[in-house]
Each structure stands twice: as structure tokens, then as C-alpha cells.
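To keep things clear, I will list the structure first and then write my remarks on it.
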Amino acid sequence: MRGTNRFKCLGLAIVLAVSLCTGFLKPAFAEDSTQVVLSSTVSSIAVGSELNVAISGLQLKDVYAYEINLTYDSTKLQFVKAVSEVSGGFTVSPIVNGNQLQLAYTAIGAKPGVNGDLALFTLTFKGVASGSADIELGAITLVDSSLHSSEATVGPRTTISIVNSAGNGGPDTNIPSTPPAPALDNVTNDGKGTLAVELAPGATEAHIAMNQLGSDPGARLTITNRNLSVDIPPEVLQQLREQLSAEQLTNSTLVFGMNPLSSGDAGSLIDRLQQFGSVGLKPSGSIYELSLQLTTGDNRTIALESFNKPIMLRFAADPSLNVKRISIYYIPNDDTLEFVGGTYADGEITADIDRPGKYAALEYIKSFKDVPDDNWAKDAITELAARHIVEGTSATNFEPKRTVTRAEFAALLVRALHLTDKQDLHFTDVSASDWFFPEVSIAVKAGIVTGTNETTFAPQASITREEMVTMLMRAYLLQRTDDDELPSAPAFQDEDTVSPWALSYVRDARALHFIEGKGANLFMPQGVGTRAEAAQIIYNFLS
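Residue numbers (mature numbering (1 follows the signal peptide of the UniProt record, and there is no 0)): -30 to -1, 1 to 513.
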């Protein structure tokens, strides 16, 4: 009933061209950071041609409905249509009154409003007379899911140049031989080898003249918008230069696309991904289609399909999500998820990518039927599953009490540390066809694990608790960057039963709080490690 009241209230008010249910809505003040902006990929069109203008909301917070008013130069532009980019609700037909346009949308039903940066509408105009025409936002009313209304800050006006075309009585000299080129972005140089471009609110592409990048082979390029930044290393800039001759480069433009999916498309994609993976997914901001290409002086396009050196992505982390479970994912066209990774610091999730395509920062929520909320290792298992370090034994079960093998624990450490360097193996019980062969070869190369003797690894043997701690501490020492003396800790009651080769590792692991005792201060070194225990000590190590 509550959702129905919202729908009737908003829809009736807009159809009557009055304010949004002012008798029913509770006034509120808009967040300073919430903004609605206009953007267009072109700055000039010919008379008789059409252009699209996007209306986007930036840093929206629980927006359930909205009314947008704008004005345009109706002597030079004719309004053609408006398409809502938000699905799943009700969009009122545009109301046109002279040079004024009113648009409105409301969600339907009892559900939360939308958050983040979203494309709201795409407007289409037709040029009807030459000259300069402004499109400018007016009052923007937002309504949240609690029926509080607020006014949004509006971005700058958009100005379009309309030129004469052949056949309308104007001179042919105004007709561009190619579509008008987008305006170039300003490039700043910090004098230390970093070139930077900051996109205007609502912009989805960076356009940078190649001659603006200079010839410094060590220069890197940073492109930033409100919620996503990319760092393009020198090797990739050189990769672009190698696509053309020096003469062609002087008239070429680097174009980096950061195009967010509409909220409707993003929502549908998330639904499909959740069904495919049996997981909960919450996007931290928009899902972006990324591209990197050169546009030549004769309007040819040369797109890179892969990068010689990884490009760094930095997504703004949504503070309402659990940042420990947010990672960056690549989403191919078959609607699967490919884990890229991610490190959280200073409100951002950072990861390296090696190709263009769709990317998203997602909170990954994987639950297992046999790991209830009161399980002592619940947090460790859930967060390591979100980092794709541990997996279930099936889509729904984890089997926390099942023992862990030597090969399985080696694989967990390799994933946790993101190690990649391999070496040849000469163990008679490890074959190149084994699923664990790459991880074991990496772990042996790193010095994390050795064979049980010179020719045997015993991959399927259950790992003992002292073996598990020994491998963990070797991994810790591999990552350690200081020589400070480790703290001390009380001895386990059964310390005299720990194998001599493992004793120092066990003491250090306890001092670092990677492990705790069982029962009456016992370590039980020869006891076998379980999947829950393995998850917990790796979680302690990473934390």
C-alpha cells in the first residue's frame, strides 16, 4: 500500500504539472554532494541533424523518484524524445511547454531508492536553425524512499552549435567533412612524469591529443572522474604510439572510454550474475565499459584489445558496503565473473587490468548452508570466499570440519599472496595434469613448502597443524619487510610435542596472533588441520 500511495501521489502531481505531492512529501535538504548534470558527446551538429544529451545523477542517495525541469532554445532546437535510463518503475510522458521541458520518474512498490552515479534520461533534440543553443537544467526535485523531498544541485548548461547544411539555403562552407570532433581535455603535468586529466561531471570519455602527451618515454597518464580513476603506464602509451607513424600521431587523439551502464542494464546484469554464481552481489558504484583507442586525423579508429602492461583501476568504495568483501571483477559478454582482485586503502579499491571491457567493483557475499552465522570461523570463511581464496566443496556447502591436504593448503597460501612464479617439479606423486600442480610448483619455488623427501610431496596427505603453521610462517617471512624482533608469547602446554623443525614457527605464529590454543592451552601439533582452521589462520595472517 505504501508503494501504491507513492506512485499515485507522484504520477498525479506530474500529470497536472504541479510540484511533487507537496501536500504529502516531507521537506528535506539535499546532500551537498548530490548533483544532476547534462552531458553530450558532441558540441556541434548540422541543421536537420539530431543529437543526444544525457542527464545523469551524481552521488545519489536513496532516490526513489525525481522531477527534472530544464529549458532549451526552442528557436534552434526541437525536442524529439526522452528515454528513461532507469528501468523497473514508471516514467511520465515528457511535458513540453514552449522552451520548457519537465520529466519525471518514480519507482513502484516498497523498496529502497537508488544510490551512486546513475544515468537518468537521454534526451534527443533536432537542430532546426543555425546558431548557438543552450540547454540548461532548472529545478530538480528528489524524493527518497521515506517520502522526504529535496532539491538537487544542478551542473552547468550545455551549449550546442548548429551549423547550416546543404539544401537549407545556407552556405556549404559550414558543413564539416567529418562529424565534429569532441573537445580535447586539458592535460596537466606535475613535472615528475605524471600527466593528468580530470573529466567534467557526467563526461564518459577522455579525449587527449597525442602531441599533448609529449615524448617522455617514462611519462604515465592518470584519468579521473568522480568514482573511477585509471593510471595508464608508459608502456601502454608507447603501445599506442607504435600503432601509427610519427606524422600520423601529430593529428591523432587518444580516447579512453569510461562508459557506465544504465542502472537498468546494470541491475539486469547483476541479477543474471547472481543466479549464475549462487552469490549475493552489491555493486560499489557503476559498472563501466572501458576502452582505449586512437582516433586518427582521417577519422580512423584503432582500438587496443590488450595492454602491454597492466592499467591500474581505482574504484571509489561505497562506505555502506563491507569493504573487506569488495573486489574488482571483469565481466565478459557471456555474463560470467572473472575475479581481478583488489586492495582497499583510503576509500578506494585498486587493481590492475590487462584488457578493456566491462569492469565493476562488487561486494561478493557467499553463504554456505553448513556454515551458520554462529560458526566460529564464519567471518573468515565468508571474507576469504569473497577474495576467492577459499571455495566451497559444492555450490552450497563448505564442509568446515573436513581435513585439508598438503596440496590444498599450499594452493590457499599461493592465492592469498598472489604468487605466480613457478619452477619445474620432480616429485613422482605430482603430475602436470593435477589441478594443484601450478600452485604446488609456485609454493615450492617460493620456499613455502618442501617435499616429504626428495622425490615425494604427498599432495593428498592430510596436513598436520604444525605443518600448516610452518608453511604459513614461511609465507609470512616471504612478505615481511622489516627485521624487527618478533614479540614473545606464552608457551603452549604441549610445546614439548612440537617437532624441532616447527617449534620456532609455532612460537612466532602465536606471538603474532595467527594461532590460538585449544582447550587447556594445547596446540596439538600432530592433529590434522580442518578447512575451517585453514581459513581462520590465513584470515588472521592477512588481517
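Ideal Cβ placement from N, Cα and C applies to all residues, glycine included. All of these numbers come straight from a predicted model, not from anything done at the bench.
So what does DSSP say about residue i, is it helix, strand or coil?
i	result
P187	coil
P326	coil
Q182	helix
E212	coil
F406	coil
K339	coil
F95	strand
Q496	coil
F277	coil
L207	helix
A355	helix
A505	helix
D241	helix
T143	Only weak support exists for where T143 lies, its pLDDT of 45 falling under 50; the value from the coordinates is given anyway. T143: helix per DSSP, three-state reduction.
T440	helix
V293	helix
R284	strand
K51	strand
S199	strand
N269	coil
I412	helix
D235	helix
E121	strand
Counting only the same chain and skipping the five closest in sequence on each side, list residues whose C-beta sits under 7 Å from that of residue i.
i	result
T306	F246
V341	K348, I351, F368, P370
F484	L442, I507, N510, F511
A490	Q463
S411	K392, Q393, L395
V249	Y334, I335, K336
D478	M443, L456
Classify residue i: buried if its beta carbon has 16 or more other beta carbons within 10 angstroms, exposed otherwise.
i	result
G86	buried
S26	buried
F511	buried
S116	exposed
A380	buried
V7	buried
D324	exposed
R501	buried
V419	buried
E455	exposed
L71	buried
G255	buried
S147	At S147, the pLDDT of 47 sits below 50, so the modelled position is not reliable and the matter cannot be decided from this model.
R190	buried
L112	buried
P141	In this prediction, P141 scores a pLDDT of 45, lower than 50, which makes its location untrustworthy; the coordinate-derived value is nonetheless stated afterwards. With fewer than 16 Cβ atoms within 10 Å of its Cβ, P141 is classed as exposed.
R480	buried
L447	exposed
P470	exposed
Q449	exposed
V439	buried
N423	exposed
So residue i and residue j are supposed to be a Cβ contact under 8 Å. How far apart are they, rounded?
i	j	result
S222	G184	Their Cβ separation, rounded to whole angstroms, is 14 Å, which puts S222 and G184 out of contact at 8 Å.
A35	T76	4 Å
T41	E106	5 Å
S9	G172	4 Å
With a threshold of 6 Å on Cβ separation, who are the neighbours of residue i within its own chain once the five nearest residues in sequence on each side are excluded?
i	result
I240	L251
A166	T158, T192
T94	E20, N22, V50, K51
E259	N229, K328
S232	E55, A89
I38	L73, I110
F226	A176, I193, L262
E168	T194
P203	R190, K279
A505	A347, A350, I351, L354, V360
Whose C-beta lies closer than 8 Å to the C-beta of residue i among residues of the same chain, with five residues either side of it excluded?
i	result
Q208	P187, N278
A99	V17, T45, K46, I132
K294	Y314, E353, A356
D445	First, the amino acid is wrong: residue 445 is Ala here, not Asp. Excluding positions up to five away in sequence, the list reads L383, A386, L387, A416, I418, F511.
S13	T129, I130, S131, P150, P152, A153
V468	E436, F462, V476, F493, P495
L214	S222, L264, T266, I272
Are the C-beta of residue i and some C-beta of chain B separated by less than 9 Å?
i	result
Q213	The structure shown contains no chain B, having only a single protein chain.
The ligand FMN and residue i: does any heavy atom of the ligand fall closer than 8 Å to the residue's C-beta?
i	result
F49	Because no ligand of any kind appears in the structure shown, any question about the ligand FMN cannot be addressed here.
Checklist entry - Could you give the uninterrupted runs of the alpha helix (DSSP H) lying entirely in the region 374 to 405, keeping only those of 4 residues or more? => result 376 to 387
**Item:** Length at least 4, wholly inside the region 454 to 498: the alpha helix (DSSP H) runs in chain order
**Value:** 470 to 481
Can you list the beta strand (DSSP E) stretches of 3 or more residues lying completely in the region 34 to 81, in chain order? 47 to 54, 59 to 67, 70 to 77
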